[in-house]
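For the sequence shown, numbering that gives the first Met the number 0 begins at 0 and goes up steadily by one. Ideal placement from N, C-alpha and C gives every residue a C-beta, glycine not left out. Remember, it's a predicted structure, so these values are computed and weren't measured experimentally.
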Amino acid sequence: MLSHCHLSPVTCHLFLWYTDGNNIPLRSDSMIWQDYARQLKEVLGLEGSPVGVTFSDTPASNGKDNKIMPCTAFYQAARKGTTFNISADKCTCPGGSTSLGLSAPSPERAAAVRKFLVEGEKFASSCASFFRSRALSPSQPPLGVAKYVVIGPLDKFELKPDLVLFLCNPAQASRLVVLSTYEMGIPLQAQLSGSTCSGAVTYPLSTGRVNVTFLDPSSRHLVKGYKDSDLIFSAPFFYVRSIVESIPLCGAGTAKPGMSISEVMKK
0 MLSHCHLSPV TCHLFLWYTD GNNIPLRSDS MIWQDYARQL KEVLGLEGSP VGVTFSDTPA
60 SNGKDNKIMP CTAFYQAARK GTTFNISADK CTCPGGSTSL GLSAPSPERA AAVRKFLVEG
120 EKFASSCASF FRSRALSPSQ PPLGVAKYVV IGPLDKFELK PDLVLFLCNP AQASRLVVLS
180 TYEMGIPLQA QLSGSTCSGA VTYPLSTGRV NVTFLDPSSR HLVKGYKDSD LIFSAPFFYV
240 RSIVESIPLC GAGTAKPGMS ISEVMKK
């Protein structure tokens, strides 16, 4: 049956997996991102699962309501398999709450965050430097989008994800960059500065672009478990279909080289 399929190999496989070949559903479409997660984990050799992020007014039934920082939730979801329903009153990081759009900072809180970044963490040299970093950022916090930000392992995720995060190493990220550009050829425009949650969630959500964040020093200090080699590759969910379909076709996936560099240079 595959030989008569005009879809890509991965799409054909998923079509036969979800139907009996005659458009009669065998499984719920809500499982497709869970299958994507298992395939991506195997092909890339990920430690843990890709992470789903969804903005929802309804919490996930399997999600915890613990008070937590978003950067901790990313780690716990990827490496420990835990899902979290984060709301404004459960987010313990003021900057993270704003980056996830859960609450708009009051003038007093904004001033306190600025003072902390300039005088406490010393991530900005002055108030002007802090302002400039915000004013020139292309990403906008998703204020008022939803009551909850659900973060959890993609292989167990109940809700359709808005974003998929990969807690991975540079070698795995380099493959994801190539896989994400293989079909469309649109170069990656990364936003490398800013906080972990801003780079992992705010930027890809507001721009529709894939992004890479190196995890800011505070996240690495506060979240025990992050490795020096860890970074986060983030993609809007609509990119993930392209990434998965490119796996058997692309050299960054499982495709074998069509020729060697030595063969090319001889011509």
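Asn-61 and Lys-265 have their C-alpha atoms some 58 Å from each other.
Between the beta-carbon of Ile-242 and that of Leu-164 there is about 13 Å, and that puts the pair past the 8 Å contact cut. Between Glu-107 and Tyr-181, the alpha-carbon positions lie close to 46 Å from each other.
Contact check for Leu-162 against Phe-236 passes: the beta carbons are separated by less than 8 Å.
According to the DSSP assignment, Phe-122 belongs to no beta strand (DSSP E), since it is labelled neither H nor E. About 17 Å separates the beta carbons of Pro-69 and Gly-47, which is beyond the 8 Å limit, so they are not a contact pair. For Ser-173 and Cys-249, the gap between their C-alpha atoms comes out near 13 Å. The beta carbon of Ser-86 sits closer than 7 Å to the beta carbons of Leu-101, Lys-146 and Tyr-147 from its chain, once the five residues preceding and following it are set aside; these are given in chain order. Cβ neighbours of Phe-156 within its own chain (closer than 7 Å, five residues either side excluded): Trp-32, Gln-33 and Gly-51. Remark: C-beta atoms of Ala-72 and Pro-152 do not approach each other more closely than 8 Å. DSSP, reduced to helix, strand and coil, places Cys-70 within a helical segment of the structure shown.
Assignment of Tyr-181 by DSSP, reduced to helix, strand and coil, places it in the helix class. As a beta-bridge residue in DSSP terms, Ile-85 pairs with Val-148.
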